[in-house]
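Residue numbers (our numbering): 739 to 993.
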């Protein structure tokens with residue numbers, strides 16, 4: 739605890755715990771947005787670099803739970819189905835993580851936010867964007883590379899993945915599980931990538947550990963809600979979360 743309070747004020751730490759709880763609820767409901775909520779909320783009171791370090795372990799742990807909720811066989815099937823996308827994402831993520839101090843943060847936020855808002859808005863307006871399933875190798879690799887690039891720099895690779903799965907019209911249970919597999923392996927790589935970049939170190943690990951409990955409690959509540967909604971409601975909820983997350987990223991990029 740002393741190590742955490744040496745990094746931030748007690749009130750900032752209390753706010754961080756609250757943000758992790760809210761991120762967990764949303765994560766349980768729609769399967770994503772934890773890194774985005776954490777990086778957005780935590781960055782208002784602590785440095786973006788410390789916020790990035792804080793989200794690593796909660797993201798890794800909750801995605802592991804999400805991926806294995808229907809058993810390891812289902813998780814393995816999802817892994818094999820999206821192996822091209824996932825392989826590209828992980829390789830690019832590992833490389834781009836080393837550029838975390840090079841590219842301006844405002845530029846990165848706009849790169850993520852603008853296409854996500856456009857995608858979510860057109861979907862909610864009833865203008866469908868569909869990708870044939872299974873997708874072509876070029877589409878799979880291109881989207882995986884984009885997601886990995888922004889993921890290594892910001893810890894946020896959810897929006898392109900969710901947009902991709904939504905465009906494939908993936909069923910709710912598969913949507914949630916595939917997200918868990920993809921984000922979980924990505925978070926595992928991100929952990930070691932940022933050990934190398936210096937973001938994750940002995941001084942910042944206790945803070946990330948402290949965020950695990952509120953994240954898990956929030957996710958448990960969110961999963962209860964997810965179990966009660968159908969595919970149509972799930973899709974709309976996913977798109978609304980994408981839309982507002984994208985707007986927030988654009989706001990931060992412009993300000």
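Heads up, the beta-carbon is just placed ideally off N, CA and C, and yes, glycines get one too.
Contact belief for residue i with residue j at Cβ below 8 angstroms, rounded distance in angstroms
i           : j           : result
residue 984 : residue 854 : 4 angstroms
residue 879 : residue 826 : 5 angstroms
residue 925 : residue 801 : 6 angstroms
residue 896 : residue 774 : 6 angstroms
residue 710 : residue 809 : Outside the modelled stretch of the chain, which goes from 739 to 993, sits residue 710, for which no answer is possible.
residue 812 : residue 875 : Their Cβ separation, rounded to whole angstroms, is 24 angstroms, which puts residue 812 and residue 875 out of contact at 8 angstroms.
residue 898 : residue 884 : 6 angstroms
Residue-level contact to chain C via CB, residue i, 7 angstroms cutoff
i           : result
residue 988 : In the structure shown, chain C does not exist; there is a single protein chain.
Buried or exposed by the 16-neighbour rule on C-beta atoms within 10 Å, applied to residue i
i           : result
residue 941 : exposed
residue 886 : buried
residue 765 : buried
residue 751 : buried
residue 952 : buried
residue 860 : exposed
Closest residue to residue i among the options (Cα-Cα distance)
i           : options            : result
residue 842 : 774, 960, 786, 972 : 786
residue 965 : 804, 880, 920, 933 : 804
residue 779 : 791, 761, 769, 884 : 761
residue 833 : 936, 928, 811      : 928
residue 728 : 767, 891, 746      : With the chain represented from 739 up to 993, any question about residue 728 goes unanswered, as that position is not in the structure.
residue 977 : 858, 759, 960      : 858
residue 830 : 897, 986, 882      : 882
residue 986 : 844, 963, 954, 862 : 844
residue 989 : 972, 958, 971, 851 : 851
residue 758 : 864, 874, 945      : 945
residue 819 : 771, 884, 919, 789 : 919
residue 824 : 957, 877, 958      : 877
residue 923 : 847, 981, 828      : 828
residue 707 : 856, 763, 956      : Outside the shown range of the chain (739 to 993) lies residue 707, about which nothing can therefore be said.
residue 783 : 921, 756, 917, 865 : 756
Self-check item: Contact the region 902 to 916 vs the region 792 to 802: 3+ CB pairs below 8 angstroms
Solution: No, they do not touch.
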